[in-house]
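Going down the list, the sequences are from chains B and R.
Residue numbers for the first sequence follow this note's numbering, so the first one is 1 and each next one is one higher.
Residue numbers for the second sequence follow this note's numbering, so the first one is 116 and each next one is one higher.
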Amino acid sequence: ELKVEQNPLFLSMQEGKNYTIYCNYSTTSDRLYWYRQDPGKSLESLFVLLSNGAVKQEGRLMASLDTKARLSTLHITAAVHDLSATYFCAVDRPPLGGGADGLTFGKGTHLIIQP
Amino acid sequence: DAGVTQSPTHLIKTRGQQVTLRCSPKSGHDTVSWYQQALGQGPQFIFQYYEEEERQRGNFPDRFSGHQFPNYSSELNVNALLLGDSALYLCASTLGGSIYEQYFGPGTRLTVT
C-alpha cells in the first residue's frame, strides 16, 4: 500500500521567514504533485514533479523531488500572509496493467503565516 | 473555458438515505475521478470513470457507485448513508484516462445527521 507522509502537519511562522515542508512516500512513483487548499475551498495545483532532481519554482514557493530518497520538499522563501493555507503532496502509482490508480495524498500541512 | 463544476454545493442527509452528487468535467476533458475528503484529512481516491466505465477503484465499499454519461459528466451515488460519510466530495477531470494534471472542482459538502 502506497503511503504518503507529510511533516510538519501544522506550522505557524512569521512573515519574512523561510521554511520547508517535507513529503515522504513509501514506494517508487512516477509523479509527485503539490496542491494548495484554502479553507472550505477546492484544491489548486501548484507543481507537478516528473523526474528525479526536478525543481520547480513559482514566486516564493519552490518544490523539489528526490526519487531515490522518496522525498519531496516544498520550500517557502520570505513568507507572506497570503501563503497561509493547507498544502498537500500527492503521489500517483500507475497500476501494472496500465491506467491510473488515483492519487494518494498526504494528510496536509496547515500553514499559518502571521504578520 | 469552463472549469470543473459540481452540484449541489452543500447537502444534508439522514443516516440510511441515499445521495447523488454530480460533476461536469473541464471543457475538453473526458475522464472523471472522485475523491472523499474528511475534515482535516487529505482526499482519498474513490474511483475513476473513463469511456463510461469505472476504470479504477480505491478502498471504498460497494455503497459507493458511479456513472459516466456520453457527455463525460459523472454522478457519484452513495447508498445507506453513514455518519462517517460526512465529507467534502471532490471531482477531478483530466484527459484520456490519465490522472496527470487533474483539475479539481469546488466540491460538494455532504453532512449526514
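Every residue, glycine too, gets a C-beta built ideally from N, C-alpha and C.
What first and last residue would you give for the beta strand (DSSP E) that runs through R130/R? Run containing R130/R: none; DSSP gives neither H nor E here.
contact_flag[the region 76-89 of chain B, the region 6-16 of chain B] where n(CB pairs < 8 Å) is 3 or more: Contact between the region 76-89 of chain B and the region 6-16 of chain B is present: 3 or more CB-CB pairs across the two stretches fall below 8 Å.
Please state if the CB of N24/B and the CB of Q37/B are separated by a distance shorter than 9 Å. no
Would the region 132-149 of chain R and the region 163-173 of chain R be scored as touching if the rule is three or more Cβ pairs under 8 Å? Contact holds: three or more Cβ-Cβ distances are below 8 Å.
Exposed unless 16 or more other CB atoms sit within 10 angstroms - verdict on A117/R: It is exposed - the Cβ of A117/R has fewer than 16 other Cβ atoms within 10 Å.
Using a Cβ-Cβ distance cut-off of 9 Å, determine whether S45/B contacts chain D. Looking for chain D here will not work: the only protein chains present are B and R.
Could you please tell me which residues of the region 208-228 of chain R, in chain order, have their CB closer than 9 Å to any CB of chain B? Closer than 9 Å at the C-beta level to chain B, one finds these residues of the region 208-228 of chain R: T209, G212, S213, I214, Y215, E216, Q217, Y218, F219, G220, P221, G222, R224.
When the Cα atoms are used, what is the spatial distance from C206/R to Y87/B? 18 Å
What residues are listed by DSSP as bridge partners for A207/R? S148/R, F219/R
For D200/R, which of helix, strand or coil comes out of DSSP? helix
Once the 5 residues before and after I112/B are set aside, which same chain residues still bring their CB inside 6 Å of it? S12, S84
Helix, strand or coil for D38/B, going by three-state DSSP, please let me know. coil
DSSP state of L83/B mapped onto helix, strand, coil: In the structure shown, L83/B sits in a helix (DSSP, three-state: H, G or I).
Quick test of your reading: R130/R and L197/R, contact by CB under 8 Å. State the CB separation rounded to the nearest angstrom. R130/R to L197/R, Cβ: 6 Å. Contact.
Quick check: is the beta carbon of G59/B nearer than 9 Å to any beta carbon in chain R? no
Around the C-beta of K141/R, are 16 or more other C-beta atoms found within 10 angstroms, so that it is buried, or is it exposed? buried
Please go through the same chain and pick out, in chain order, the residues whose beta-carbon is closer than 6 Å to the beta-carbon of T77/B, but skip the five residues on each side of it. N18, R60
Run through the DSSP bridge pairs and tell me what Y165/R is partnered with. T146/R, E168/R
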